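Beneath this line is the structure, given in structure tokens, with notes to follow.
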Amino acid sequence: MISSIIIYILLFGSLYFEVFLMITYFEKRKHIKTEYLKMEGTNWPSVDIIVPCYNESTTIIATINSLLNLEYPKDKLRIMVIDDGSVDDSLKTLEIFKENAQVQIHHKENGGKYTALNFGIKNSTADLFGCLDADSFVDKDALKIMLPYFENPKIMAVVPSIKVYEPKNILQKIQKVEYSWGIFVRKILTYLNALHVTPGPFTIFRRKIFENIGNYRHAHHTEDLEMALRMQKNNYKIANSHRSFVYTVTPKNIKTLYKQRRRWTYGFLKNTIDYKHMFFKKEYGNLSFFILPFAVVSIFSTIYLATNFVLSNINTVFEQIAKFKLIGFSFHKFHIDWFYFNTGLVSVIGVFSVVASITLILISIKLAEGKLKIKPELFYFLFIYPVIAPLWLFGAVFNTIFSKTITWR
Amino acid sequence: MEIENVREKTDWMKYFYSFLITALIFATAIYISNYFSEKKLNQLKTMEDKISLDILSSETQFSLLAESSCKNIGDNTLSREVSQLGDKLSYAEEKIGADDPDFQNLKTYYSLLEIKDYLLMKKISEKCKDKTAFILYFYSNKSSCTECQNEGYVLTKLHEMYPQIRIYSFDYDFNTPTIETLKSIYGIENKLPALYINGKVTYGLKTIEEIKKIIPETKVWDKEALATSTKKVEATN
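From first to last, the protein sequence lines stand for chains A and B.
Everything in the first sequence is counted per my numbering, starting at 235 for the first residue and increasing by one.
Everything in the second sequence is counted per my numbering, starting at 708 for the first residue and increasing by one.
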């Protein structure tokens, strides 16, 4: 009985979130469609892009080349590659840019990504400061689409839309749909002033933000999340340029995906604990009353529902083993009678919830790809993602509760 | 170039509207779920009425043909109907809930139909000497009866192997006067699962082999089945 009540509350909560997103989307749909501005004229601000690099010899060249190909005045764009004590041949690979006036190569002892970023901030003199992870690549018009947002003096950072770079296997295709969903959610969160991540791939800041609120921190290996929370805490605004696309290399196998997502979730939980004073405070608006609490609850509710599902199915497995031992193989009677369709309340609400989720995912794909094309990855995402996601959520919660530190890789 | 400013204030009305829409969806889901539950219970009621009519028809046939023929009385159709109804009732018990008063009425009615069918079939079997075997199975849905589900699997399989065995299952904890009478007549104690076969009561999980030992007719049926299959092979050759 208690379990049923908990499940009803969780289903209500998740449906509420979907309805809230949908209302916001339809309210802002026209604006999302027409919002497409490009930097024009001659008054281009200077931009420093930091590329922190640790053992990224396979992708670093392409990353820097994508930056060099940006449609931006060359004298206004400087690329600072910070080699964070790589032990592979990254530094040697970078030598090909030695003669390029736009590219500066720095080497420092390994200290973690946030130290490389702070090294960049210390050496930066430009109006705007950005970061691009060494496994990511930018569209050539990404920067000039982002800059007009800075005409609003209240906006201190602009985050782009991130896509999966050349998804090959099923896992990467699942992530492609997930990243499309991320593009949609990020856009909606902008309208709620509730963006709480300034992603490593190509978020552009006004440089003076660091003078005002300080440099990057270790922040449990999620410095991009902490920076956004710190900006929100200080009431600085973050915008999203959904038409600026950045492509990032994503994990190819379940092990690396698990480690990456566990780090993200762990970082979110730890930073949320550090910023717990932002919860349910009027001055922090939607972020404080809705988005952060919902994000925390959704982690625990997913774990609860997944555990419930696994336990009930383990029971079924044991029952089937006992049945086999008693009577051998016996195929379950297949009832095509409608009577046997599960029409319980949880199932009916589940159907509504799935329909709402699919609608939102289709809107996300349209937003990310510009057109709606139903590909097999949508089904991989719908059927495989709910099975694997609880794994890293569980791992992250376990590590948070038992204070186990998480490594970057 | 004007870029829309990010929202300054929390839009509480949006929270309210979202709540309203979600509550509306929930209410619709509750309505749909109740609608189908009611339809299912109605279907069970219709099935029970039909079975009741079929039993009455069989009883009448039996009375009419008392001294003459055994043909066409109590064929397998009725047994299948009772079995299907039993399956649906146990599904409804799990999904709709054992506490639903409509469901409880249906379950009481089902128990009565089972007993009526049992009594009639026993009479027919004795008169026609057709060697039908009868099993009365007493189970409990409580977690204390750890073997009840397994006994259910065994009996289902047994019925598949020997359709001549008629199995009637009764919820030991379902307190209706008829089940109480049945328990007291056959002296069924609360040591479940319990089987009443050929005048004997057994307690605890019984396997197919153990039940076959209690029903000697199964040997005859095995021989008959073997002879039939041999004939078929010969005819094919």
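Where a beta carbon is used, it is the ideal one built from N, C-alpha and C, also for glycine.
The structure displayed is predicted, hence computed values, not measured ones.
Among the residues of chain B, those whose CB is under 8 Å from the CB of residue 553/A are 856, following chain order. Interface annotation, residue 860/B: in contact with chain A, CB-CB separation under 7 Å.
Using a 10 angstroms sphere on the CB of residue 519/A, the tally of other CB atoms reaches 16 or more, which defines it as buried. Rounded to the nearest angstrom, the gap between the Cα atoms of residue 890/B and residue 934/B is 40 Å. Along the region 448-468 of chain A, none of the residues has a CB nearer than 8 Å to a CB of chain B. The beta carbon of residue 467/A lies closer than 8 Å to those of 509, 512, 518 in the same chain, with the five residues before and after it left out. Judged by DSSP in its simplified three-state form, residue 789/B adopts helix. Between residue 862/B and the set 882/B, 840/B, 851/B, the nearest pair of CA atoms involves 840/B. According to DSSP, residue 306/A shares a beta bridge with no other residue. Interface residue (Cβ-Cβ distance to chain A less than 7 Å): residue 853/B is not classified as such. Taking 8 Å as the upper bound for CB-CB distance, residue 314/A and residue 354/A are in contact here, some 5 Å apart. Using a Cβ-Cβ distance cut-off of 8 Å, the region 540-548 of chain A and the region 497-507 of chain A are not in contact, since fewer than three pairs of beta carbons, one from each stretch, lie closer than that value.
Residue 818/B sits close to residue 886/B, with the two beta carbons spaced by under 7 Å. Here residue 523/A is actually not in contact with residue 729/B; their C-beta atoms are around 16 Å apart, not less than 8 Å. Contact annotation for residue 335/A against chain B: no contact, minimum CB-CB distance about 30 Å [criterion: below 7 Å]. Taken through DSSP and simplified to helix, strand or coil, residue 479/A comes out as strand. At a cut-off of 7 Å between beta-carbon atoms, residue 623/A makes no contact with chain B. Taking C-beta separations shorter than 7 Å and ignoring five residues to either side along the sequence, the partners of residue 796/B in its chain run 751, 813, 814, 817, following chain order. Within the DSSP bridge table, the entry for residue 532/A names no partner. The distance from the Cβ of residue 299/A to that of residue 322/A is about 19 Å, inconsistent with a contact at the 8 Å cut-off. Ranked by Cα distance from residue 375/A, the options 274/A, 582/A, 505/A are led by 274/A.
Closest in C-alpha terms to residue 277/A, from the list 253/A, 306/A, 405/A, 270/A, comes 306/A. Under the DSSP assignment, residue 876/B falls in the beta strand (DSSP E) whose first and last residues are 872-878. Classified as buried, residue 393/A has 16 or more neighbouring CB atoms from the shown chains inside 10 Å of its CB. Contact between residue 258/A and residue 503/A is absent: CB atoms are separated by about 25 Å, not below the 8 Å threshold. The DSSP assignment places complete alpha helix (DSSP H) segments of no fewer than 4 residues inside the region 561-609 of chain A at 579-603, in order along the chain. The three-state secondary structure of residue 364/A, taken from DSSP, is strand. Contact of residue 254/A with chain B by beta-carbon distance below 8 Å involves 721, 722, 725. The continuous alpha helix (DSSP H) containing residue 376/A extends over residues 376-380. With contacts defined by Cβ atoms closer than 7 Å, residue 284/A and residue 368/A do not form a contacting pair.
Counting every other CB atom within 10 Å of its CB across the protein chains shown gives residue 335/A a total below 16, marking it as exposed. Annotation: residue 472/A to residue 803/B spans about 50 Å, alpha carbon to alpha carbon.
Burial state of residue 440/A is buried, judged by a 10 Å Cβ sphere holding 16 or more other Cβ atoms.
Excluding residues up to 5 positions away in sequence, 583, 586, 587, 590 lie with their Cβ nearer than 8 Å to the Cβ of residue 249/A in the same chain. At least one beta carbon of chain B lies nearer than 7 Å to the beta carbon of residue 519/A.
Put simply, the CB of residue 444/A is far from chain B, with every gap to its CB atoms at 7 Å or more.
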